[in-house]
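The opening residue of the sequence shown carries number 1 in full-length UniProt numbering; numbering runs sequentially from there.
Think of the CB as a built atom: it goes at the ideal place given N, C-alpha and C, for glycine as much as any other residue.
Here the structure is a predicted model, which means the values were calculated and not measured.
Structure, as structure tokens:
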Amino acid sequence: MAIQVQTLRKLFDDTRPGGVLDVAPELLGADAALVFPGGVLHIEGVVCDAKELRAAGRAVTTAADGPLPVRVDFGRDGEHVSGVRAFVDLGGTVGLVLVDGVPSGDGPRPGAWLVTGDRVLPLAAPPRCEPDTDPERRDGLGRPLPPRRLRTAEERRREPRALVTSRGIVVPRAAAVRRKGVTVLDSPMVRGWSPPEPPPGANGISINLERRTFRLVGALTALPATPPYKTTIAGLLIVGVGTYTGTAMGAYVVPDSGTDPSMFVYAALSGDPLLGYPPLELNGVSAGFGWNSKVRVPAAEALATFPFLQALDDPGSIGHDEEATDPLDILATLVGSGSLAWVQPSEGNIWIAAGFAFSVFELIKGRAMAIVQFGDDLVISLLGAGGAELPTKSTKKIARVEIGVEATIRPSSGELSLGVGLTENTFVIDPDCKVRGGIGLKVWFGANPNAGDFAFILGRIPAGRELPVRYPRGAEAALTWALGSTVTVSGSAYAGLTPKSLMAGGALELVFESGMLRAWLIARIDAFLQWKPFYFDVGISVRVGVSATIPIWFVRIRISIEVGVSVRAWGPPVGGEATVHLWFISFTIGFGRKRDDTPPPLGWFGFQGTLPVPQHMVRSTAGAGLIGETPAGTTRSGRKPWIVDNAGFRFTADTQVPVSKVYLSRTGTEDVVGGPPIDILPMALKDRQSELRVWVTFNGDDTYDLMEWGRGILRGPVPRARWGDSGDGGELIPEQVIGVELASPPVDNGTDTGFIDEEGISFDPVTPPGIQPLDPAATPVGPVPRRPSRSVVDILATGVNTPAVKDRRNALVDAAGNLGLFDRGPVDTDLTAYASAAGTAFTADPMLIPA
Numbered sequence: 001m002a003i004q005v006q007t008l009r010k011l012f013d014d015t016r017p018g019g020v021l022d023v024a025p026e027l028l029g030a031d032a033a034l035v036f037p038g039g040v041l042h043i044e045g046v047v048c049d050a051k052e053l054r055a056a057g058r059a060v061t062t063a064a065d066g067p068l069p070v071r072v073d074f075g076r077d078g079e080h081v082s083g084v085r086a087f088v089d090l091g092g093t094v095g096l097v098l099v100d101g102v103p104s105g106d107g108p109r110p111g112a113w114l115v116t117g118d119r120v121l122p123l124a125a126p127p128r129c130e131p132d133t134d135p136e137r138r139d140g141l142g143r144p145l146p147p148r149r150l151r152t153a154e155e156r157r158r159e160p161r162a163l164v165t166s167r168g169i170v171v172p173r174a175a176a177v178r179r180k181g182v183t184v185l186d187s188p189m190v191r192g193w194s195p196p197e198p199p200p201g202a203n204g205i206s207i208n209l210e211r212r213t214f215r216l217v218g219a220l221t222a223l224p225a226t227p228p229y230k231t232t233i234a235g236l237l238i239v240g241v242g243t244y245t246g247t248a249m250g251a252y253v254v255p256d257s258g259t260d261p262s263m264f265v266y267a268a269l270s271g272d273p274l275l276g277y278p279p280l281e282l283n284g285v286s287a288g289f290g291w292n293s294k295v296r297v298p299a300a301e302a303l304a305t306f307p308f309l310q311a312l313d314d315p316g317s318i319g320h321d322e323e324a325t326d327p328l329d330i331l332a333t334l335v336g337s338g339s340l341a342w343v344q345p346s347e348g349n350i351w352i353a354a355g356f357a358f359s360v361f362e363l364i365k366g367r368a369m370a371i372v373q374f375g376d377d378l379v380i381s382l383l384g385a386g387g388a389e390l391p392t393k394s395t396k397k398i399a400r401v402e403i404g405v406e407a408t409i410r411p412s413s414g415e416l417s418l419g420v421g422l423t424e425n426t427f428v429i430d431p432d433c434k435v436r437g438g439i440g441l442k443v444w445f446g447a448n449p450n451a452g453d454f455a456f457i458l459g460r461i462p463a464g465r466e467l468p469v470r471y472p473r474g475a476e477a478a479l480t481w482a483l484g485s486t487v488t489v490s491g492s493a494y495a496g497l498t499p500k501s502l503m504a505g506g507a508l509e510l511v512f513e514s515g516m517l518r519a520w521l522i523a524r525i526d527a528f529l530q531w532k533p534f535y536f537d538v539g540i541s542v543r544v545g546v547s548a549t550i551p552i553w554f555v556r557i558r559i560s561i562e563v564g565v566s567v568r569a570w571g572p573p574v575g576g577e578a579t580v581h582l583w584f585i586s587f588t589i590g591f592g593r594k595r596d597d598t599p600p601p602l603g604w605f606g607f608q609g610t611l612p613v614p615q616h617m618v619r620s621t622a623g624a625g626l627i628g629e630t631p632a633g634t635t636r637s638g639r640k641p642w643i644v645d646n647a648g649f650r651f652t653a654d655t656q657v658p659v660s661k662v663y664l665s666r667t668g669t670e671d672v673v674g675g676p677p678i679d680i681l682p683m684a685l686k687d688r689q690s691e692l693r694v695w696v697t698f699n700g701d702d703t704y705d706l707m708e709w710g711r712g713i714l715r716g717p718v719p720r721a722r723w724g725d726s727g728d729g730g731e732l733i734p735e736q737v738i739g740v741e742l743a744s745p746p747v748d749n750g751t752d753t754g755f756i757d758e759e760g761i762s763f764d765p766v767t768p769p770g771i772q773p774l775d776p777a778a779t780p781v782g783p784v785p786r787r788p789s790r791s792v793v794d795i796l797a798t799g800v801n802t803p804a805v806k807d808r809r810n811a812l813v814d815a816a817g818n819l820g821l822f823d824r825g826p827v828d829t830d831l832t833a834y835a836s837a838a839g840t841a842f843t844a845d846p847m848l849i850p851a
């Protein structure tokens, strides 16, 4: 908790006795919302003790309708608050207690209990001691894992405890069956201080069976779900045999109504090694998929806590049954109903995942995974985490690097993001020299409204340099080095690159503290550079100070002396100021021009220098129908003329300048766009016109008419710093006219057959002619076809497949075959389909002739 003790004491001193004190959520922690509405402890009639860091009074809680007696205690570690404990008195000898970082040497107060429906349970706080590790067991990042151990009989008989989680307080009821390490529980209830109804008809099973070379850990439970789902049935199973461990996890989410169910399964297998020999070993493989489900992809710095990657390291660590961990709680984190659940139901979405763990030369250990999600949008994520320790065989390490990489692309949305982060376990030179931080990159392309924009961020951009919300937010890039118990060196850095500007900076702080004497050196630099138009702002500051605390009888006097200087320069126009800081006075000396946030407008030649070269300002791109280019001769732009298909051709003409008017001829006056005027921010010009002319030169003739061609207007984003009316707003102005797409008109084949030669109409006589050709003047002979009074279609539909007709038809076919008239082959005997289709198979009733 990064709260200064001095800040907390000032808050207490400013609060009058009997008044009101609001303790903010950042002081109480995220779980405060379980006890106090909104996470804020609102104490009335408060009495504060600034020396003991304690406050007491009455407050409204979620446990009762009216205010209850409450007390909040804060622990301290040097000049920082180390932990907080809130105690609510329910009357009698019981109460509620919420612990977030228990103050050193002090556990939950006697008489502080968690009250459930019919039981009173002691609140379990996670152990705060350093866990034992086994150097022979390491995860995928090379970190030692806890030793394998069997639970003692006393541990197996231990009463179940309440667990504080992000979703509430999980309270398993008393065991119904307890034998040989296998525990069967009734339905676990997830409770806040106002308990919701447990999932209907659900039973929870928790299993932990350990032998010397075999381990079985599992859980099956029902959890609440968010609408339109009503219950989540989730399961976790871990099986270990020797050096091999397998993990399977999954969930089935039951819908309320009108919604398809959601489900997912994920499995992993690890070994030491699983396959291969040095220098390359495969230590684990995994795969999974989800239907009507989605996965929350972690940021680079949070990859170490991602369960799917954890299963590749050491699946046993996911369900490791320590004192404050239970497989049921793991499932609640994995598939809970909150927004922080890793796997969440999402109708219409499907995901698949696969990964592997590896080691190279026993030096670098890592994990890699691919997750593809599709449905509402196609999302492809590549995750990787790796680590190395130097030297590998020695117990004393001089460096450890743990890095996470996350890359996600959304092709249809036009967004690419990349994140790289160091974990908190990274150090160099000395284990106390901690290095942390991350970088983020985002690029927008295609149909995205921000296409053409990008952002590269290192570290965390400080306040005052705010960036658009869509830009990545990196973890702080910092170094902290404790040199013994008296000297601390810390530093931080940041950088940001966008299409409009570059910013960078850093700070270095050296602190010496021994007893009542403290000395410090603080140096900082911040730089901002903008182009198009050019502008810079750079600041440097250095501070040196010393303080001492002198006890005089019953009081302490603190004496502090600090001197420093800061210099800041900007331009154009170039100017700046220098400030001298003394412990009793500060004064500033200015030089050059005064700071003006609105730089002077550029002239045309100055603005022209910010534009791309003319060859890149306007481009024409051939589309469908391009056959090739002429082998010789070039156009004015240096490109060879196109050879196109005479059946149809398309091409586009676009520019990096927003367009107001588009003309489809070299000298024409008919605008085909009618776009709005443009602004030129660096020149302070508004309502200007820009023209794009497109024409085709054919055999030296540039008067070819393009007005009959099909056309479509091209739109896209342009930089606001160049074409906006002010600097306010996003980096880009969307939906600006930037070009036109043209398509040749359809081919007109005409109605003339063209020239046909003698060979084209010649014919060969047929000898002998037989009964052909027919004489159109001949008199008709034979019976005349007529339509009977009864519909022929009705006759076919009702009689073609009757037994009598089928018998006569078969007899006729047999007779024709016996006479040798034809080789009948197989004959259809069932004409049911023909009869049912007769009503639609004929456009009119057929005519018949007498037989």
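*asked:* Helix, strand or coil for residue 619? Go by DSSP, reduced to three states.
replied: The count along the sequence shown starts at 1 and reaches residue 619 at position 619. Looking at residue 619 - three-state DSSP - the assignment turns out to be strand.
_Report the CB separation of residue 70 from residue 223 in whole angstroms; it is logged as a contact under 8 Å._
Taking the first residue of the sequence shown as 1, we reach residue 70 at position 70. Taking the first residue of the sequence shown as 1, we reach residue 223 at position 223. 31 Å between Cβ atoms; not a contact.
*Looking at the structure shown, is residue 836 part of a helix, part of a strand, or coil, going by DSSP?*
Translated into positions along the sequence shown, residue 836 becomes position 836. Helix at residue 836.
*Just curious, the alpha helix (DSSP H) that residue 806 is in, first and last residue?*
Along the sequence shown, one-based indexing puts residue 806 at 806. Looking at the DSSP string, the run of the alpha helix (DSSP H) that includes residue 806 is 803-818.
*In angstroms, rounded to a whole number, what distance separates the CA positions of residue 52 and residue 552?*
Mapped onto the sequence shown, residue 52 falls at position 52. Mapped onto the sequence shown, residue 552 falls at position 552. Each residue's alpha carbon lies about 21 Å from the other.
*Does the region 272-285 touch the region 371-390, meaning 3 or more C-beta pairs lie closer than 8 Å?*
The region 371-390 vs the region 272-285: no contact.
*From 302, 57 and 738, residue whose alpha carbon lies closest to that of residue 717*: Within the sequence shown, the letter at position 717 stands for residue 717. Among 302, 57 and 738, the Cα nearest to that of residue 717 is on 738.
*What number of angstroms, rounded off, separates the C-alpha of residue 604 from the C-alpha of residue 452?*
Within the sequence shown, numbered from 1, the residue matching residue 604 stands at position 604. Within the sequence shown, numbered from 1, the residue matching residue 452 stands at position 452. C-alpha of residue 604 to C-alpha of residue 452: approximately 25 Å in a straight line.
*Identify which residue in 45, 284 and 537 has its Cα closest to the Cα of residue 525.*
Here residue 525 corresponds to residue number 525 of the sequence shown, with the count starting at 1. That would be 537, whose Cα lies nearest to the Cα of residue 525.
*DSSP three-state call for residue 758: helix, strand or coil?*
On the sequence shown, position 758 is the one that residue 758 refers to. Residue 758: helix per DSSP, three-state reduction.
_Where residue 844 falls: helix, strand or coil (DSSP)_ = The residue labelled residue 844 in the question sits at position 844 within the sequence shown. Coil.
_Here's a check: name, in chain order, each residue in its chain whose Cβ is nearer than 7 Å to the Cβ of residue 835, leaving out the five neighbours to either side._
As a working mapping, residue 835 is identified with position 835 in the sequence shown. Result list for residue 835: 796, 797, 800 and 801, in chain order.
*In terms of DSSP beta bridges, what is residue 715 paired with?*
What you label residue 715 is simply residue 715 of the sequence shown in a count that begins at 1. According to DSSP, residue 715 bridges with 737.
*Where do the ends of the beta strand (DSSP E) carrying residue 488 lie?*
Here residue 488 is taken as the residue at index 488 of the sequence shown, counted from 1. Taken as a continuous stretch (DSSP letters only), the beta strand (DSSP E) holding residue 488 covers 487-497.
*State yes or no: is the beta carbon of residue 470 nearer than 8 Å to at least one beta carbon in chain C?*
The structure shown contains no chain C; it is built from a single protein chain.
_Residues near residue 842 in its chain [Cβ-Cβ closer than 7 Å; skip 5 each side]_ = Numbered from its first residue, the sequence shown carries residue 842 at position 842. These residues qualify, in order along the chain: 793.
_Residues of its chain near residue 13, where Cβ-Cβ distance is below 7 Å and the 5 sequence neighbours each way are ignored_ = Counting from 1 along the sequence shown, the entry for residue 13 is found at position 13. These residues qualify, in order along the chain: 50.
*Under 8 Å by Cβ, that's how I've got residue 689 and residue 665 pegged, so tell me the actual separation to the nearest angstrom.*
Within the sequence shown, the letter at position 689 stands for residue 689. Within the sequence shown, the letter at position 665 stands for residue 665. In fact, because the Cβ distance is near 18 Å, the residues do not count as touching under 8 Å.
*Would you kindly work out how many angstroms separate the C-alpha atoms of residue 608 and residue 721, rounded to a whole number?*
Along the sequence shown, one-based indexing puts residue 608 at 608. Along the sequence shown, one-based indexing puts residue 721 at 721. Residue 608 and residue 721: Cα-Cα distance of roughly 14 Å.
*Same chain only: Cβ atoms within 7 Å of residue 882, ignoring 5 sequence neighbours per side*: Because residue 882 is not part of the residues shown, which for the chain are 1 to 851, the question remains open.
*Are there 16 or more other CB atoms within 10 angstroms of the CB of residue 268, so buried, or fewer, so exposed?*
What you label residue 268 is simply residue 268 of the sequence shown in a count that begins at 1. Under this definition residue 268 is a buried residue.
*So the alpha helix (DSSP H) residue 722 belongs to, where does it begin and stop?*
One-based indexing of the sequence shown puts residue 722 at position 722. Residue 722 -> alpha helix (DSSP H) spans 720-723.
*Give the secondary structure of residue 644 by DSSP, where H, G and I count as helix, E and B as strand, and everything else as coil.*
The count along the sequence shown starts at 1 and reaches residue 644 at position 644. In this structure, residue 644 counts as strand in the three-state DSSP scheme.
*For residue 232, does the count of other Cβ atoms within 10 angstroms reach 16, so buried, or fall short, so exposed?*
The residue given as residue 232 occupies position 232 in the sequence shown. The residue in question, residue 232, is buried, as its Cβ has 16 or more Cβ neighbours within 10 Å.
*Starting from residue 795, trace the alpha helix (DSSP H) both ways and give me its first and last residue.*
Taking the first residue of the sequence shown as 1, we reach residue 795 at position 795. Run containing residue 795: 792-799, per the alpha helix (DSSP H) assignment.
*From which residue to which residue does the beta strand (DSSP E) around residue 687 run?*
Position 687 of the sequence shown, counted from the first residue, corresponds to residue 687. Per DSSP, residue 687 belongs to the beta strand (DSSP E) from 685-688.
*What residue range is occupied by the uninterrupted alpha helix (DSSP H) comprising residue 13?*
For the purposes of this step, residue 13 is taken as residue 13 along the sequence shown, with counting starting at 1. Where residue 13 is concerned, the enclosing alpha helix (DSSP H) stretches over 5-13.
*Give the C-beta separation of residue 620 and residue 652 to the nearest angstrom, bearing in mind that I take them to be a contact with Cβ-Cβ under 8 Å.*
Taking the first residue of the sequence shown as 1, we reach residue 620 at position 620. Taking the first residue of the sequence shown as 1, we reach residue 652 at position 652. Sure, about 7 Å apart at Cβ, within 8 Å.
*DSSP state of residue 674, grouped into three classes?*
On the sequence shown, position 674 is the one that residue 674 refers to. Annotated three-state conformation of residue 674 is coil, per DSSP.
*Which term fits residue 26, buried or exposed, when burial requires 16 or more other beta carbons within 10 angstroms of its beta carbon?*
For the purposes of this step, residue 26 is taken as the residue at position 26 of the sequence shown. That one is exposed.
*For residue 579, which three-state DSSP category applies?*
Position 579 of the sequence shown, counted from the start, is the residue given in the question as residue 579. In this structure, residue 579 counts as strand in the three-state DSSP scheme.
_Can you check which of these residues, 564, 757, 534 and 650, is closest to residue 683 by C-alpha distance?_
Here residue 683 is taken as the residue at index 683 of the sequence shown, counted from 1. Checked all of 564, 757, 534 and 650; the closest Cα to residue 683 is 534.
*What is the DSSP secondary structure of residue 301, reduced to helix, strand or coil?*
Your numbering for residue 301 matches position 301 in the sequence shown. The answer is helix: DSSP assigns residue 301 an H, G or I state.
_Residues in the same chain with beta-carbon distance under 6 Å from residue 549, minus the five sequence neighbours each way, listed in chain order, please._
Within the sequence shown, the letter at position 549 stands for residue 549. These residues qualify, in order along the chain: 516, 556 and 558.
*Nearest to residue 471 by alpha carbon, out of 776, 698 and 444?*
The residue you call residue 471 lines up with position 471 of the sequence shown. Of the candidates 776, 698 and 444, the one whose C-alpha sits nearest the C-alpha of residue 471 is 444.
*Could you name the residues of the same chain whose beta carbon sits closer than 6 Å to that of residue 590, not counting the 5 residues immediately before and after it, in chain order?*
If you number the sequence shown from 1, residue 590 lands on position 590. Close CB contacts of residue 590 within its chain, under the 6 Å cut and outside five residues either way in sequence, are with 577 (chain order).
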